[in-house]
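Trainee: Counting from 7, one number per residue, gives the positions in the sequence shown under my numbering. Beta carbons: idealized from backbone N, C-alpha and C, even for Gly. Quick one: the structure is below, and I'll ask about it shortly.
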Amino acid sequence: MSEQEQEKQYKLNEIIKKEILANSVKLFEIYAPEIAEKVKAGQFVIVHMDEYAERIPLTVAAHDKKNGSITIILQEVGVSTRKLGTLKQGDVILDVVGPLGRPSEIKKVGTVVCIGGGVGVAPVYPITKAFKEAGNHVISIIGARTKDLLILEEMMGAVSDELFITTDDGTVGHHGFVTDVLQQLIDNGREINLVVAVGPIVMMRAVAKVTKEPGIKTVVSLNSLMVDGTGMCGGCRVTVGDEVKFTCVDGPEFDGHKVDFEELLKRSRIYVEEEEKANKEYECKLKEAEEARKRAKTRVPMPKQDPKERIKNFNEVALGYTKEQAMREASRCLECPKPTCVAGCPVEIEIPAFIALIKKGDFIGSIHKIKEKNSLPAICGRVCPQEEQCEAACILSKKGQPVAIGRLERFVADYESQQGNVEIPNIPKPTNKRVAVVGAGPAGLTVAGELAKMGHSVTIFEALHKAGGVLVYGIPEFRLPKKIVQR
7 MSEQEQEKQY
17 KLNEIIKKEI
27 LANSVKLFEI
37 YAPEIAEKVK
47 AGQFVIVHMD
57 EYAERIPLTV
67 AAHDKKNGSI
77 TIILQEVGVS
87 TRKLGTLKQG
97 DVILDVVGPL
107 GRPSEIKKVG
117 TVVCIGGGVG
127 VAPVYPITKA
137 FKEAGNHVIS
147 IIGARTKDLL
157 ILEEMMGAVS
167 DELFITTDDG
177 TVGHHGFVTD
187 VLQQLIDNGR
197 EINLVVAVGP
207 IVMMRAVAKV
217 TKEPGIKTVV
227 SLNSLMVDGT
237 GMCGGCRVTV
247 GDEVKFTCVD
257 GPEFDGHKVD
267 FEELLKRSRI
277 YVEEEEKANK
287 EYECKLKEAE
297 EARKRAKTRV
307 PMPKQDPKER
317 IKNFNEVALG
327 YTKEQAMREA
337 SRCLECPKPT
347 CVAGCPVEIE
357 IPAFIALIKK
367 GDFIGSIHKI
377 KEKNSLPAIC
387 GRVCPQEEQC
397 EAACILSKKG
407 QPVAIGRLER
417 FVADYESQQG
427 NVEIPNIPKP
437 TNKRVAVVGA
447 GPAGLTVAGE
457 LAKMGHSVTI
467 FEALHKAGGV
477 LVYGIPEFRL
487 PKKIVQR
């Protein structure tokens, strides 16, 4: 960063510099002072470009504490990375979260061979630099398919005692693979105390195979497996020895001789088959449900987007009842003296009572009745499995369709929001007790709401970039709009 750039006041997560390193490989220097102050070699950040983008885990290739910047390098592979690659200098990324993952174990061990393949050269660079600064003799081997895809040669050379370059097609350096050079070093009797490899799975597997027989300690970084960065999705799980580890929280570095590379490769090939199977099962269930609906006594249908329109967007498919439709559906309720639907509700909402208020047209009174027991009616009305709970217990379900309890709950919640008259429940006198709730998912938010209504001071801690948990990342927009969750 130049002196002129240092004087400029950057916004948090602003892109200070963008550089194209190779075809589809781009470097971004980002203003993130807190991360720059704390990050260590081997750690990564989660980059969340905008409200609708995926969370992308990227290793921090370099950092500057003085200027408060971090450097990340990405290869444009899918839609998300291509979209991220379109950002320019001066653009601001919505969220950059980190540092995450366990840092590399850096110490003086003697001679360290650092191997980077393809874009894996980026994450191996800070590790190489750290081992050099710790007083080790560092031998670096970097490779790519061809000369035009090779990155960071000068930077790697500056932090290495010896640098070897390989390309698959021989356009520069050794004609072959990084393992060829590694094998030559071993055959020549070079003392090697540690090997660190970062790159494609097949490359790391090959490196581990070369070093296993001579018994050279080998560390591999599985950063390319990571998805959400918190260990919740399980997409980065890997078998290490006799244990199952999660790359984003237990790694990303593991003993290369214990990693089950065959398992990783097999998992990467099964997604298409699994998707086809899931689609087939889904279609079968839809047909069964459709036949059951035709046989049942129908309730007021839910208005929906026209199929010709909804295939063009990701907006909510169900549009919600009108006032007239809600009152007509509410009139189906028998107001049973001993309502089984209440017993079927996990929070025991007084269902006949709030439906009776809808019959009278008192929609605000109805939502207030619901909020006595449930703080998230707009969400529960959309995604709570009423068909297995309150509606399953409805007496009408014995001979036809039950009252559409969830749809009515959704209606009054949306009505209240549309009127701009959302009331916060009465809060009792403060108890002066402080409560920490870890996790801002549906359970955490519900608990926090109930504790707040008791007068306690509640603070919620969340690992992701916004509240909602599975409501945000686990339910599609057309089923539960993100704006409803944030509301």
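To which residues does DSSP link residue 37 through a beta bridge?
Mentor: Residue 37 pairs with 75.
Trainee: Please give me, in chain order, every unbroken run of the beta strand (DSSP E) with length at least 3 that falls completely inside the stretch 199 to 285.
Mentor: Here the runs fully enclosed are 200 to 204, 224 to 227, 243 to 246, 249 to 252, 259 to 261.
Trainee: Could you work out which residue in 67, 137, 201, 215 is closest to residue 147 when comparing CA atoms only?
Mentor: Measuring from the Cα of residue 147, the nearest candidate turns out to be 201.
Trainee: Would you mind working out which of 330, 95, 187 sits nearest residue 123, comparing C-alpha positions?
Mentor: The candidate whose alpha carbon is nearest that of residue 123 is 187.
Trainee: Using DSSP bridges, identify the partner residues of residue 63.
Mentor: Note: residue 63 sits in a beta bridge opposite 52.
Trainee: Can you name, in chain order, every residue of its own chain whose Cβ lies under 7 Å from the Cβ of residue 299, other than the five neighbours on each side?
Mentor: No answer about residue 299 holds up, because its pLDDT of 45 lies below 50 and its placement is not dependable.
Trainee: Looking at C-beta atoms only, is the number of pairs between the stretch 126 to 142 and the stretch 84 to 103 that lie closer than 8 Å three or more?
Mentor: Verdict: no, contact absent.
Trainee: Within its chain, find whatever has a CB closer than 6 Å to the CB of residue 372; leave out the 5 residues flanking it on each side and keep chain order.
Mentor: So the qualifying residues of the chain are 360, 363, 364, 418.
Trainee: Using a Cβ-Cβ cut-off of 8 Å (strictly less than) and excluding sequence neighbours within five positions of residue 152, which residues of its own chain qualify?
Mentor: Excluding sequence neighbours, residue 152 sits near 173, 174, 175, 177.
Trainee: State yes or no: is the C-beta of residue 51 within less than 8 Å of the C-beta of residue 41?
Mentor: Closer than 8 Å, so yes.
Trainee: Can you name, in chain order, every residue of its own chain whose Cβ lies under 6 Å from the Cβ of residue 203, other than the five neighbours on each side?
Mentor: Same-chain partners within the cutoff: 121, 210, 213, 226.
Trainee: Give the single residue among 236, 76, 387 whose Cα lies nearest to the Cα of residue 485.
Mentor: Measuring from the Cα of residue 485, the nearest candidate turns out to be 387.
Trainee: So who's on the other strand from residue 465, going by DSSP bridges?
Mentor: BP columns for residue 465 point to 442.
Trainee: Which two residues bound the contiguous alpha helix (DSSP H) that contains residue 332?
Mentor: Its alpha helix (DSSP H) spans residues 329 to 336.
Trainee: So is the beta-carbon of residue 156 under 7 Å away from any non-hydrogen atom of the ligand GTP?
Mentor: With respect to the ligand GTP, the structure offers nothing, as it holds no ligand at all.
Trainee: With burial defined as no fewer than 16 other Cβ atoms inside 10 Å of the residue's Cβ, what is the status of residue 128: buried or exposed?
Mentor: Residue 128 is buried by the Cβ-count criterion.
Trainee: Assign residue 49 to one of two classes, buried (16 or more other C-beta atoms within 10 Å of its C-beta) or exposed (fewer than that).
Mentor: Classification for residue 49: buried.
Trainee: Cutting at 7 Å between CB atoms, please list the residues of its own chain near residue 136, excluding the five before and the five after it.
Mentor: Correct list, in chain order: 47, 110, 112.
Trainee: Which ranges does the alpha helix (DSSP H) cover as unbroken runs of at least 4 residues, wholly within the stretch 336 to 363, from first to last along the chain?
Mentor: The stretch 336 to 363 contains these whole alpha helix (DSSP H) runs: 346 to 350.
Trainee: From residue 384 to residue 420, what distance separates their C-alpha atoms?
Mentor: Roughly 7 Å between the two C-alpha positions.
Trainee: Who does residue 159 pair with in a DSSP beta bridge?
Mentor: Paired residue(s): none; residue 159 is not in a bridge.
Trainee: Measure the beta-carbon distance from residue 99 to residue 33 and round it to whole angstroms, keeping in mind my assumption that it falls under 8 Å.
Mentor: Actually they do not touch by this definition, with Cβ atoms about 14 Å apart.
Trainee: Just how far apart, CA to CA, sit residue 446 and residue 479?
Mentor: Roughly 12 Å between the two C-alpha positions.
Trainee: Please go through the same chain and pick out, in chain order, the residues whose beta-carbon is closer than 7 Å to the beta-carbon of residue 161, but skip the five residues on each side of it.
Mentor: So the list reads 131, once near-sequence residues are dropped.
Trainee: Tell me whether residue 417 sits in a helix, a strand or coil according to DSSP, three-state version.
Mentor: Residue state, collapsed to three classes: helix.
Trainee: Tell me which same chain residues have a C-beta within less than 8 Å of the C-beta of residue 288, skipping the five on either side of it?
Mentor: With a pLDDT of only 42 at residue 288, under the threshold of 50, the placement of this residue in the model should not be trusted; the figure read from the coordinates follows. Cβ neighbours of residue 288 beyond the five flanking positions: none.
Trainee: DSSP puts residue 471 in a beta bridge; with which residues?
Mentor: DSSP lists no partner for residue 471.
Trainee: Assign residue 320 to buried or exposed, taking buried as 16 or more other Cβ atoms, counted over all protein chains shown, within 10 Å of its Cβ.
Mentor: Result: exposed.
Trainee: Give me whichever residues DSSP pairs with residue 147 in a beta bridge.
Mentor: 121, 170, per the DSSP bridge assignment.
Trainee: Would you mind giving the Cβ-Cβ distance between residue 396 and residue 376, rounded to the nearest angstrom? I have them listed as a contact below 8 Å.
Mentor: With 8 Å as the limit, residue 396 and residue 376 do not qualify as a contact, their Cβ atoms being about 12 Å apart.
Trainee: Take the Cβ of residue 221 as the centre, count every other Cβ of all protein chains shown within 10 Å, and call the residue buried at 16 or more, exposed below.
Mentor: Burial call: exposed.
Trainee: I'd like to confirm the pairing. Which residues does DSSP put opposite residue 310 in its beta bridges?
Mentor: DSSP lists 324 as partners of residue 310.
Trainee: Please classify residue 92 as buried or exposed, where buried requires at least 16 neighbouring CB atoms within 10 angstroms.
Mentor: It is exposed - the Cβ of residue 92 has fewer than 16 other Cβ atoms within 10 Å.
Trainee: Answer yes if the stretch 304 to 318 comes into contact with the stretch 467 to 475, meaning at least three C-beta pairs across the two stretches below 8 Å, and no otherwise.
Mentor: Flag = no, the stretch 467 to 475 and the stretch 304 to 318 do not touch.
Trainee: Hey, how far is the Cα of residue 271 from the Cα of residue 207?
Mentor: Cα to Cα, the separation comes out at about 8 Å.
Trainee: Anyone know if the C-beta pair for residue 21 and residue 114 falls short of 8 Å?
Mentor: Contact: no.
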